[in-house]
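Take 1 as the starting number for the sequence shown in full-length UniProt numbering and just add one per residue. All C-beta atoms in this analysis are idealised placements derived from N, C-alpha and C, irrespective of residue type, glycine included. Written out below as structure tokens is the structure these notes cover.
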Amino acid sequence: MSFFRASTSPQSLATLTTRRLYLRAPNMADFAQWADLRARSRDFLQPWEPTWPADDLTKTSFRKRMRRYNQNIREGSHYPFFLFNRDTDELMGGLNLSNVRRGVAQATSLGYWMGESFAGNGFMKEAVERICCFSFNDLHLHRIEAACLPTNAASRALLTKVGFSELGYAPSYLYINGMWQDHILFGKIRDFTPAPAQVSPQSEADGDKMPLTHA
Numbered sequence: 001m002s003f004f005r006a007s008t009s010p011q012s013l014a015t016l017t018t019r020r021l022y023l024r025a026p027n028m029a030d031f032a033q034w035a036d037l038r039a040r041s042r043d044f045l046q047p048w049e050p051t052w053p054a055d056d057l058t059k060t061s062f063r064k065r066m067r068r069y070n071q072n073i074r075e076g077s078h079y080p081f082f083l084f085n086r087d088t089d090e091l092m093g094g095l096n097l098s099n100v101r102r103g104v105a106q107a108t109s110l111g112y113w114m115g116e117s118f119a120g121n122g123f124m125k126e127a128v129e130r131i132c133c134f135s136f137n138d139l140h141l142h143r144i145e146a147a148c149l150p151t152n153a154a155s156r157a158l159l160t161k162v163g164f165s166e167l168g169y170a171p172s173y174l175y176i177n178g179m180w181q182d183h184i185l186f187g188k189i190r191d192f193t194p195a196p197a198q199v200s201p202q203s204e205a206d207g208d209k210m211p212l213t214h215a
């Protein structure tokens with residue numbers, strides 16, 4: 001086991017593929033698609049995310065975001081991915097592995113978001129399964145953590161479906177949509193498969209919403 005921080009350049013961060021998708025590090029060329037998708041999905045996403053800054057969808061803000069992403073990747077503390085359709089190259093959403101802890105923890109926090117027009121088709125389940133493989137097999141982490149609002153039944157179902165276990169209830173845990181809100185905490189440990197949970201078919205299909213807590 002490595003107890004040291006891994007250093008990766010943004011250019012060398014692997015492109016991850018699934019049957020219908022590919023995931024890669026964001027770059028400035030993605031700005032137009034990203035801003036358009038986020039603008040169209042604002043009402044759909046805002047209840048699950050931190051309040052957006054007034055200039056959030058501007059190119060200047062996106063450039064600052066890219067600089068922060070690239071620095072975090074080099075430091076090995078944060079691995080952002082944009083999610084694309086393999087057939088059309090259309091941007092569909094994003095995933096983040098943030099707050100990577102080495103040493104005795106070997107853990108990270110997962111956040112994700114999906115554009116409204118792509119939700120409910122199982123795309124995020126596919127992407128989360130792939131990012132978990134990357135976390136365990138490429139980053140050699142031991143635990144992936146996630147948190148979602150108690151009202152976000154779709155994400156609770158999705159996390160359970162891909163092997164996360166519910167760990168507990170955290171009152172006033174994160175500042176989401178302009179207020180401190182309670183969250184349910186989840187975790188997935190490498191090489192550990194919990195007993196199957198009972199998930200409604202509708203929740204499985206809709207499981208494409210979760211707060212992007214580290215945008």
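### Message
Quick check on DSSP: helix, strand or coil for residue 80?
### Response
strand
### Task
For residue 188, count neighbouring Cβ atoms within 10 angstroms of its own Cβ and tell me buried if that reaches 16, exposed if not.
buried
### Query
Given residue 19, which residues of its chain have a CB within under 6 Å of its CB, disregarding the five upstream and five downstream residues?
none
### Query
What are the start and end residues of each continuous beta strand (DSSP E) run of 3 or more residues lying completely inside the segment 126 to 176, in chain order?
143 to 148, 165 to 176
### Query
Count the other CB atoms within 10 Å of the CB of residue 49; is the residue buried (16 or more) or exposed (fewer)?
buried
### Task
Check the DSSP bridge columns for residue 114 and list the partner residues they point to.
93
### Query
When the Cα atoms are used, what is the spatial distance from residue 71 to residue 119?
30 Å
#### Entry: Of the listed residues 28, 25, 52, 182, nearest to residue 38 (C-alpha basis)
52
### Task
For residue 33, collect the residues of the same chain with a Cβ closer than 6 Å to its Cβ; drop the 5 residues on either side in sequence, then sort them by chain order.
91
### residue 213 burial status per 10 Å Cβ neighbour count (16 or more: buried)
Unreliable placement is indicated for residue 213, whose pLDDT of 45 sits below 50; the coordinate value is still reported in the next sentence. It is buried - the Cβ of residue 213 has at least 16 other Cβ atoms within 10 Å.
#### Entry: For residue 181, the first and last residue of its enclosing alpha helix (DSSP H)
Where residue 181 is concerned, there is no enclosing alpha helix (DSSP H), although the beta strand (DSSP E) it sits in stretches over 179 to 189.
### Query
Counting Cβ pairs, one atom from each stretch, are 3 or more of them under 8 Å apart for the segment 113 to 129 and the segment 168 to 188?
no
#### Entry: Separation of residue 107 from residue 66, as counted between CA atoms
23 Å
### Task
Excluding the 5 residues preceding and the 5 following residue 99 in the sequence, name in chain order all residues of the same chain whose CB lies nearer than 6 Å to its CB.
109
#### Entry: Same chain, Cβ closer than 7 Å to residue 58, five either side skipped, listed in chain order
none
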